[in-house]
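One structure is given below, encoded as structure tokens.
Residue numbers (the working numbering), protein chains in the order written: chain A, -17 to 164; chain B, -3 to 562.
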């Protein structure tokens, strides 16, 4: 009611003495209780909400379409890090590979040693849900190989991967070809 | 490219602080999406300049990687189940059972204590699942809810303490809880860490912290904000001794309750093999539809969209920060604090463990997923500030502080559910929740980890008794000192809000100093300079936390309470 009578009040809401004071002279806006003040951003809020829902949908639908649906179920609890030296190629952060496989983040996959994984399955025994990690990583390896063939992986990622020994021998040729094309 | 991280970190922190202080007046989801967009635009500019168009095109994949699907889907399915329980009369059945429990030797108080600790007992991956189900039930204990068993003050304490317990129970959850992120990293050294190395320290400190929250709400919050809770007491004329309303529950309610409990137990103990908690809860919800004859709409009514969308938006913002190097920049900043003479490693860690309480977001996972790797790097993996046992101690303190940070968050945090249930203005519970996280939970978790989880203990080992006694001594000292702060501090409150705020600030500083000192002792034992540095770090963290606690709440509530509407 007060805002209808005096529309200027929303311009300086922080000076509104009916707002809670968090520091001397600073009032905090109660954006959850004062719904009427959301009016000026209504369309912005709707766009943002569509953005959130769209991002969530993309996160779920994308791995399903790419044939890597198991990645959706990863808790990201990182129990797989206990693999330690039982990983024959020394991958330290397996959960990173699962997340990279879910969203198709090639740089993250290569950076964390995804292309040197030999899919032995040792890490799978540490997964609290016993997710098929070797299959998940294998699918992402194939996706990465195709992405390299299409030339959509930045040269810097491949260069770094080669320099740091993060490329397994079965992918060396693909990486070299991709680098020679770019 | 390093400068990009500092720019995006400034954008994120700036927008969050501007929202907290009211300079940006939109829902938090909008701000977080805006922050994501800004970071991505700036990041795209830098990437185009340094790595070309291909690197820009891959950015959406990278920031989507920030979304952690598990808590979002677990929360949604949990809320489904809670909706089903409500629609089928499961809460009425629970009320009947509680009445039986009240008449048992444990009485009303014992029943309420069990209820308050139910979240940590069941330990679901998000505290909101149980809170959404049980908060309406707790409300019924008051006059307005119908039962009239508790007074207004008692109901505030009950709801506040229960919500505190719930919004921390995601920490020790074995089915994808926040604590598992820390356990995963500790698994790099402690091979069996993922079996629950952080669970006991979290549960222990959460239980004691819940009790302190109850005291704080009774003696401090209600005196600081006396007119900001709209709950009402029963009028004197309505009091009729010995009369209690009869509660009838339909058979479907009992069946729904059985399905609800069975689903939770199946999700936690996994007797039929490993399966995601979401699948178990959805099967439970489908069973409710068949057995209790409820509609799909009833299930959907249980969904609370705010936490889901706020959490998702937070993950997006965190993903954008990670993709543009913002968290790397934060790690460098924290690392540089070590060079400050009066802080050192102990002081920096005393601030670090309180970081999420200083900047509470709607879900603890948003920052935890980004900061736990930073903490990991402080250990032998990179910087070598800490050895593995020390890293485990800091991790225990950090994780409990982080998991409880969604409670006091005014940006759609879980504590707002409690505030809504007790008809309080936003911010009413913030002081109590942040105080308990900072002063009780973090140091207790560290001490527990040091003296019990990291010790070799068995009944024949003399260390077992010694360590138990040590933990008991520390717990007693921490509890007694903080209870003294609360009780004696609250007696000094008067009518002057500025003076009250100042008294509270002093209390926070003293408790923060104690917390920082104990953490430093847990890490470096009798190293005096480290303890002093820990105290200095604790003071800084406490100052930042205390300044974020509202000085006064809305006067509109006061006007409403005393106005003609009532």
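Beta carbons: idealized from backbone N, C-alpha and C, even for Gly.
Could you give the uninterrupted runs of the beta strand (DSSP E) lying entirely in the stretch 29 to 79 of chain A, keeping only those of 3 residues or more?
none
Touch check for the stretch 290 to 299 of chain B and the stretch 10 to 21 of chain B: three-plus C-beta pairs under 8 Å?
no
Kindly list the residues whose CB is nearer than 7 Å to the CB of residue 263 of chain B, restricted to its own chain and excluding five residues on each side of it in sequence; keep chain order.
The count along the second chain starts at 1 and reaches residue 263 of chain B at position 267. Excluding positions up to five away in sequence, the list reads 171, 273, 276, 277.
For the alpha helix (DSSP H) containing residue 107 of chain A, name the first residue and the last one.
Translated into the one-based positions of the first chain, residue 107 of chain A becomes position 125. Per DSSP, residue 107 of chain A belongs to no alpha helix (DSSP H) and is neither H nor E.
Any C-beta of chain B under 8 Å from that of residue 26 of chain A
On the first chain, residue 26 of chain A is found 44 positions in, with the first residue counted as 1. Taking Cβ atoms only, chain B reaches closer than 8 Å to residue 26 of chain A, which makes this a yes.
Tell me, please, which residues DSSP counts as bridged to residue 420 of chain B.
For the purposes of this step, residue 420 of chain B is taken as residue 424 along the second chain, with counting starting at 1. Per DSSP, B:225.
At what residues does the alpha helix (DSSP H) containing residue 161 of chain B begin and finish?
Within the second chain, the letter at position 165 stands for residue 161 of chain B. In the DSSP assignment, residue 161 of chain B falls within the unbroken alpha helix (DSSP H) covering 148 to 162.
Secondary structure of residue 320 of chain B, DSSP reduced to three states
Within the second chain, residue 320 of chain B is the residue found at index 324, counting from 1. The answer is coil: DSSP assigns residue 320 of chain B none of H, G, I, E or B.
Whose Cβ in chain A lies nearer than 7 Å to the Cβ of residue 272 of chain B?
As a first step, residue 272 of chain B is located in the second chain; it is residue number 276 there, counting from the start. Simply 55, 111.
Assign residue 352 of chain B to one of two classes, buried (16 or more other C-beta atoms within 10 Å of its C-beta) or exposed (fewer than that).
In the second chain, the residue the question calls residue 352 of chain B occupies position 356. So residue 352 of chain B counts as buried.
Would you mind reading off the limits of the alpha helix (DSSP H) that contains residue 480 of chain B?
Your numbering for residue 480 of chain B matches position 484 in the second chain. 458 to 487 is the span of the alpha helix (DSSP H), which, as asked, contains residue 480 of chain B.
Starting from the C-beta of residue 121 of chain A, find all residues in its chain whose C-beta is less than 8 Å away, skip the five residues before and the five after it, and write them out in chain order.
Your numbering for residue 121 of chain A matches position 139 in the first chain. Cβ neighbours of residue 121 of chain A beyond the five flanking positions: 48, 49, 50, 83.
Counting contacts by CB-CB distance shorter than 8 Å, is residue 161 of chain A in contact with chain B?
Here residue 161 of chain A refers to the residue found at position 179 of the first chain. Residue contact check for residue 161 of chain A against chain B: no CB pair falls below 8 Å.
Could you give the distance in angstroms between the alpha-carbon of residue 114 of chain B and the alpha-carbon of residue 70 of chain B?
The residue given as residue 114 of chain B occupies position 118 in the second chain. The residue given as residue 70 of chain B occupies position 74 in the second chain. Going by the C-alpha atoms only, they are around 18 Å apart.
Helix, strand or coil: how does DSSP classify residue 188 of chain B here?
As a first step, residue 188 of chain B is located in the second chain; it is residue number 192 there, counting from the start. In this structure, residue 188 of chain B counts as coil in the three-state DSSP scheme.
Around the Cβ of residue 495 of chain B, are there at least 16 other Cβ atoms within 10 angstroms (buried) or fewer (exposed)?
Position 499 of the second chain, counted from the start, is the residue given in the question as residue 495 of chain B. Result: exposed.
Apply the 10 Å Cβ neighbour rule to residue 131 of chain B and answer buried if 16 or more other Cβ atoms are within range, or exposed otherwise.
Within the second chain, the letter at position 135 stands for residue 131 of chain B. Of the residues assessed, residue 131 of chain B falls on the buried side of the cut-off, its CB having 16 or more other CB atoms within 10 angstroms.
Within this structure, are the beta carbons of residue 515 of chain B and residue 345 of chain B separated by less than 8 Å?
In the second chain, the residue the question calls residue 515 of chain B occupies position 519. In the second chain, the residue the question calls residue 345 of chain B occupies position 349. Yes. Within cutoff.
Cβ closer than 7 Å: which chain A residues qualify as neighbours of residue 218 of chain B?
Residue mapping note: residue 218 of chain B aligns to position 222 of the second chain, counting from 1. Those within 7 Å of residue 218 of chain B in chain A number zero; the least Cβ separation is about 16 Å.
So residue 134 of chain A contacts chain B; which residues on that side make the cut at Cβ distance below 8 Å?
The residue labelled residue 134 of chain A in the question sits at position 152 within the first chain. By Cβ distance, chain B contributes 50, 53, 54.
Any idea what DSSP makes of residue 22 of chain B, helix, strand or coil?
Counting from 1 along the second chain, the entry for residue 22 of chain B is found at position 26. Here DSSP, grouped into helix, strand and coil, assigns residue 22 of chain B to coil.
Keeping to the same chain, check which residues put their C-beta closer than 6 Å to that of residue 548 of chain B; ignore five residues upstream and five downstream.
One-based indexing of the second chain puts residue 548 of chain B at position 552. Closer than 6 Å at the Cβ level, and outside the excluded window around residue 548 of chain B, lie 493.
Would you decide whether residue 571 of chain B is buried or exposed? Buried here means 16 or more other CB atoms lie within 10 Å of its CB.
An answer regarding residue 571 of chain B cannot be provided, because it is not within the stretch -3 to 562 covered by chain B.
Short Cβ contact (8 Å threshold) for residue 332 of chain B with residue 435 of chain B:
Sequence index remark: in the second chain, residue 332 of chain B carries index 336 (1-based). Sequence index remark: in the second chain, residue 435 of chain B carries index 439 (1-based). No.
Determine, for residue 107 of chain A, whether the minimum Cβ-Cβ distance to residues of chain B falls below 8 Å.
Here the question's residue 107 of chain A lines up with position 125 in the first chain. For residue 107 of chain A, no CB of chain B lies under 8 Å from its own CB, so it is not counted at the interface with that chain.
Taking only heavy atoms of the ligand ZN into account, decide whether any of them is closer than 7 Å to the Cβ of residue 245 of chain B.
This structure lacks the ligand ZN; in fact it carries no ligand of any kind.
For the alpha helix (DSSP H) holding residue 397 of chain B, just list the boundary residues, first then last.
As a working note, residue 397 of chain B is residue 401 in the second chain. Residues 384 to 399.
Give me the residue from B:123, B:160, B:207 with the minimum Cα distance to residue 169 of chain B.
What you label residue 169 of chain B is simply residue 173 of the second chain in a count that begins at 1. Looking at the Cα atoms, B:123 is the closest of the given residues.
Where does residue 293 of chain B land, buried or exposed, given buried means 16+ other C-beta within 10 angstroms?
By one-based count along the second chain, residue 293 of chain B stands at place 297. Result: exposed.
Strictly below 8 Å CB to CB, what residues from chain B border residue 86 of chain A?
Within the first chain, numbered from 1, the residue matching residue 86 of chain A stands at position 104. 57, listed in chain order.
Residue 512 of chain B - DSSP class collapsed to helix/strand/coil:
Sequence index remark: in the second chain, residue 512 of chain B carries index 516 (1-based). Helix at residue 512 of chain B.
Tell me which residues of the stretch 57 to 69 of chain A have at least one Cβ-Cβ distance to chain B shorter than 9 Å, keeping chain order.
Within the stretch 57 to 69 of chain A, the residues whose Cβ lies closer than 9 Å to any Cβ of chain B are, in chain order, 57, 58, 59, 60, 61, 62, 63, 64, 65, 66.
Residue 190 of chain B vs residue 110 of chain A beta-carbon contact at 8 Å:
Locating residue 190 of chain B in the second chain gives position 194, where the first residue counts as 1. Locating residue 110 of chain A in the first chain gives position 128, where the first residue counts as 1. Their beta carbons are under 8 Å apart, which means residue 190 of chain B touches residue 110 of chain A by this criterion.
Residues of its chain near residue 430 of chain B, where Cβ-Cβ distance is below 6 Å and the 5 sequence neighbours each way are ignored:
The count along the second chain starts at 1 and reaches residue 430 of chain B at position 434. Answer for residue 430 of chain B: 353, 404, 541, listed in chain order.
To the nearest angstrom, report how far apart residue 383 of chain B and residue 375 of chain B are at their CA atoms.
Counted from its first residue, the second chain places residue 383 of chain B at position 387. Counted from its first residue, the second chain places residue 375 of chain B at position 379. For residue 383 of chain B and residue 375 of chain B, the distance between alpha carbons rounds to 6 Å.
Compare the Cα-Cα distances from residue 379 of chain B to each of B:357, B:412, B:330, B:347 and report the closest residue.
To locate residue 379 of chain B, count along the second chain from 1; it is residue 383. Minimum Cα distance to residue 379 of chain B is reached at B:330.
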